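Numbering (the numbering used here), first residue to last: 1 to 396.
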Ligand SMILES: [Zn+2]
């Protein structure tokens, strides 16, 4: 960190560390489970307004806010988008939590609670780095846009996709504060969820030879999908590992003394950057066609349920260089560059907005959504400092 402005910002963020912690606590104490983002949205919008940002609420449904806050410096320069989501997943069974999920208790240098990792600590790094810059009166150029979305955990139809449909997803580069364990993440696997249905012939369970068992037909398909998953492990992407298949839901049968005539499967396929939506869907189709040729009585159909795009940045993309340099300013070493296996708004920012986007935040991505989810306070403050230096490098 060579220049005085950068050093002053670094010290200011250290000074406001207690407030960074209390902001995470305030946000965690609002249980903004997907669909219930209005209250946390109002708190975040008020904070953006207090910093002098122009605040707009974009809603596709009443009570589902997307907070779009803009600071136009009036000086020509790039537009930088900082994004995170307002919603969280439910806490799950409470007996697994030793700290209540919405109490935001502090223990062993960590804040505990649902959403501490995914993603209220990330959201706080964006808010507080920006506030430190504003409080110090640091002059920037271009535009700084903060976008806090609803509905991310279920795909962002009312969130980032709505913002894009309104023509409001515009920036030259972006940072999404999803949990990355302090790594710089520049790629995400795509997700294709399909439904497979088998249909048989129902009859009395005492005479199974007279019917066609749809569950047993599904077993043939499931065993073949296991083989396919093994095959996928053989091809690896340097950042994202291998593509996967997860059989997540099975439904079938009515009573044990009846041959079932319908069975339904939902299968989650995570895809590598060189795989296409159509290509992966066609692979499922080819597997069913192959099995039908071997088992003429097999009646199976396929349907797409969810598509969530992935992306992978060119390693030379400027936004990566800025974030790595900011990380080095604060931490003193080069960050680890990695990819994410789960979907985030970053994929939509890349695919719908055409914006080069990186992900960075203090939360441990492998522990997001666990019971006793928690964020380390040292990492939280350091990540805020990294975001501050990143903004200076892009708009300074
Ligand atoms: Zn998230």
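Positions of the beta carbon are idealized from the N, C-alpha and C atoms, including for glycine. These numbers come from a predicted model, not from an experiment.
*Where the alpha helix (DSSP H) through residue 18 begins and ends*: Sequence index remark: in the chain shown, residue 18 carries index 18 (1-based). It spans 17 to 28 - the alpha helix (DSSP H) in which residue 18 sits, taken as one unbroken run.
*Could you say which of 172, 16 and 284 lies nearest to residue 356 if we only look at CA atoms?*
What you label residue 356 is simply residue 356 of the chain shown in a count that begins at 1. Residue 172 is the option with its Cα nearest to residue 356.
*Name the DSSP bridge partner or partners of residue 191?*
In the chain shown, the residue the question calls residue 191 occupies position 191. Bridge partners of residue 191: 270 and 308.
*Tell me whether residue 161 sits in a helix, a strand or coil according to DSSP, three-state version.*
By one-based count along the chain shown, residue 161 stands at place 161. Note: residue 161 maps to helix in three-state DSSP.
*Expected contact under 8 Å - CB spacing of residue 188 and residue 339 to nearest Å*: Translated into positions along the chain shown, residue 188 becomes position 188. Translated into positions along the chain shown, residue 339 becomes position 339. Confirmed, Cβ separation roughly 7 Å.
*Mapping DSSP to helix, strand and coil, what is residue 99?*
The residue you call residue 99 lines up with position 99 of the chain shown. In this structure, residue 99 counts as coil in the three-state DSSP scheme.
_Quick check on residue 120: does DSSP put it in helix, strand or coil?_
As a position in the chain shown, residue 120 is number 120, starting the count at 1. Residue state, collapsed to three classes: helix.
*From which residue to which residue does the beta strand (DSSP E) around residue 251 run?*
For the purposes of this step, residue 251 is identified with residue 251 of the chain shown, where counting begins at 1. Looking at the DSSP string, the run of the beta strand (DSSP E) that includes residue 251 is 244 to 252.
*Alpha-carbon spacing of residue 38 relative to residue 64, whole angstroms*: Here residue 38 refers to the residue found at position 38 of the chain shown. Here residue 64 refers to the residue found at position 64 of the chain shown. Their Cα atoms are separated by approximately 6 Å.
*For residue 152, is the beta carbon positioned less than 7 Å from some heavy atom of ligand 1?*
Within the chain shown, numbered from 1, the residue matching residue 152 stands at position 152. Yes, Cβ of residue 152 sits closer than 7 Å to a heavy atom of ligand 1.
*Other residues of its chain near residue 33: CB distance less than 8 Å, five sequence neighbours each side excluded*: Walking along the chain shown from the start, residue 33 turns up at place 33. Around residue 33: 87, 88, 89 and 90.
*Tell me whether the beta-carbon of residue 200 lies closer than 8 Å to the beta-carbon of residue 261.*
Locating residue 200 in the chain shown gives position 200, counting from the first residue. Locating residue 261 in the chain shown gives position 261, counting from the first residue. It is a contact, given that the beta carbons lie within the stated cut-off.
*asked:* Quick check for students: name the residue ranges of the beta strand (DSSP E) that lie wholly in the segment 348 to 377, counting only runs of 3 or more.
replied: 357 to 359 and 374 to 376
*Is the CB-CB distance between residue 119 and residue 177 below 8 Å?*
Taking the first residue of the chain shown as position 1, residue 119 is located at position 119. Taking the first residue of the chain shown as position 1, residue 177 is located at position 177. Yes.
*Looking only at DSSP bridge pairs, what is residue 241 linked to?*
Locating residue 241 in the chain shown gives position 241, counting from the first residue. In the DSSP output, where bridge partners are listed per residue, residue 241 has 237.
*Less than 7 Å between the CB of residue 158 and some heavy atom of ligand 1, yes or no?*
Here residue 158 refers to the residue found at position 158 of the chain shown. It does not: the Cβ of residue 158 is nowhere closer than 7 Å to a heavy atom of ligand 1.
_Could you compute how far the alpha carbon of residue 8 sits from the alpha carbon of residue 160?_
Residue 8 sits at position 8 when you count from the first residue of the chain shown. Residue 160 sits at position 160 when you count from the first residue of the chain shown. Each residue's alpha carbon lies about 34 Å from the other.
_If contacts are defined as beta-carbon pairs under 8 Å, then residue 114 and residue 93 qualify, I think. What distance do you get, rounded to the angstrom?_
Within the chain shown, residue 114 is the residue found at index 114, counting from 1. Within the chain shown, residue 93 is the residue found at index 93, counting from 1. Actually they do not touch by this definition, with Cβ atoms about 12 Å apart.
*For residue 295, name the three-state secondary structure that DSSP assigns.*
Residue mapping note: residue 295 aligns to position 295 of the chain shown, counting from 1. Note: residue 295 maps to coil in three-state DSSP.
*State the CB to CB distance for the pair residue 265 and residue 186, rounded to an integer number of angstroms; the pair is presumed to be in contact (CB under 8 Å).*
The residue labelled residue 265 in the question sits at position 265 within the chain shown. The residue labelled residue 186 in the question sits at position 186 within the chain shown. 33 Å between Cβ atoms; not a contact.
*Under a three-way DSSP split, which group does residue 275 fall into?*
The residue given as residue 275 occupies position 275 in the chain shown. In this structure, residue 275 counts as coil in the three-state DSSP scheme.
*Span of the beta strand (DSSP E) around residue 85*: For this step, residue 85 is matched to residue 85 along the chain shown. Element bounds for residue 85: 79 to 85.
*Reducing DSSP to helix, strand and coil, say where residue 54 ends up.*
Reading the chain shown from its first residue, position 54 is the one you call residue 54. Note: residue 54 maps to strand in three-state DSSP.
_If distances are taken between C-alpha atoms only, which option among 288, 72, 145 and 156 comes closest to residue 59?_
Within the chain shown, residue 59 is the residue found at index 59, counting from 1. Out of 288, 72, 145 and 156, 156 has the C-alpha closest to the C-alpha of residue 59.
*Which residues mark the beginning and the end of the beta strand (DSSP E) in which residue 170 is found?*
Taking the first residue of the chain shown as 1, we reach residue 170 at position 170. Careful: residue 170 lies outside any beta strand (DSSP E) and carries neither H nor E.
*Starting from residue 337 and walking both ways along the beta strand (DSSP E), at which residues does that stretch end?*
For this step, residue 337 is matched to residue 337 along the chain shown. Looking at the DSSP string, the run of the beta strand (DSSP E) that includes residue 337 is 337 to 340.
*Use the C-beta contact count for residue 305: other C-beta atoms within 10 angstroms, 16 or more gives buried, fewer gives exposed.*
By one-based count along the chain shown, residue 305 stands at place 305. By the 10 Å Cβ count, residue 305 comes out exposed.
*asked:* On the DSSP letters alone, give me the boundaries of the alpha helix (DSSP H) that residue 217 sits inside.
replied: By one-based count along the chain shown, residue 217 stands at place 217. 214 to 232 is the span of the alpha helix (DSSP H), which, as asked, contains residue 217.
*asked:* Less than 8 Å between the C-beta atoms of residue 380 and residue 24, yes or no?
replied: Residue numbering aside, residue 380 sits at position 380 when the chain shown is read from its first letter. Residue numbering aside, residue 24 sits at position 24 when the chain shown is read from its first letter. In this structure, residue 24 lies closer than 8 Å to residue 380 by Cβ.
*Coarse secondary structure for residue 177, derived from DSSP in three states*: Walking along the chain shown from the start, residue 177 turns up at place 177. The answer is coil: DSSP assigns residue 177 none of H, G, I, E or B.
_Residues of its chain near residue 179, where Cβ-Cβ distance is below 7 Å and the 5 sequence neighbours each way are ignored_ = Reading the chain shown from its first residue, position 179 is the one you call residue 179. Hits under 7 Å: 117, 118, 119, 122, 361, 363, 364, 365 and 368.
*Look up residue 150 in the DSSP assignment and say whether it is helix, strand or coil.*
Residue mapping note: residue 150 aligns to position 150 of the chain shown, counting from 1. In the structure shown, residue 150 sits in coil (DSSP, three-state: anything other than H, G, I, E or B).
*Hey, residue 128 and residue 30 are a contact pair by Cβ (cut 8 Å); roughly how many whole angstroms apart?*
Counting from one through the chain shown, the residue named residue 128 turns up at place 128. Counting from one through the chain shown, the residue named residue 30 turns up at place 30. Not confirmed; about 17 Å, so no contact.
*Any non-hydrogen atom of ligand 1 closer than 7 Å to residue 85 Cβ*: Along the chain shown, read from residue 1 onward, the residue named residue 85 stands at position 85. Residue 85 Cβ: within cutoff of ligand 1.
*Alpha carbon to alpha carbon, what distance is there between residue 184 and residue 232?*
Position 232 of the chain shown, counted from the first residue, corresponds to residue 232. Position 184 of the chain shown, counted from the first residue, corresponds to residue 184. Cα to Cα, the separation comes out at about 26 Å.
*State the start and end residues of the unbroken beta strand (DSSP E) segment that holds residue 111.*
Taking the first residue of the chain shown as 1, we reach residue 111 at position 111. From DSSP, the beta strand (DSSP E) with residue 111 extends over 110 to 112.
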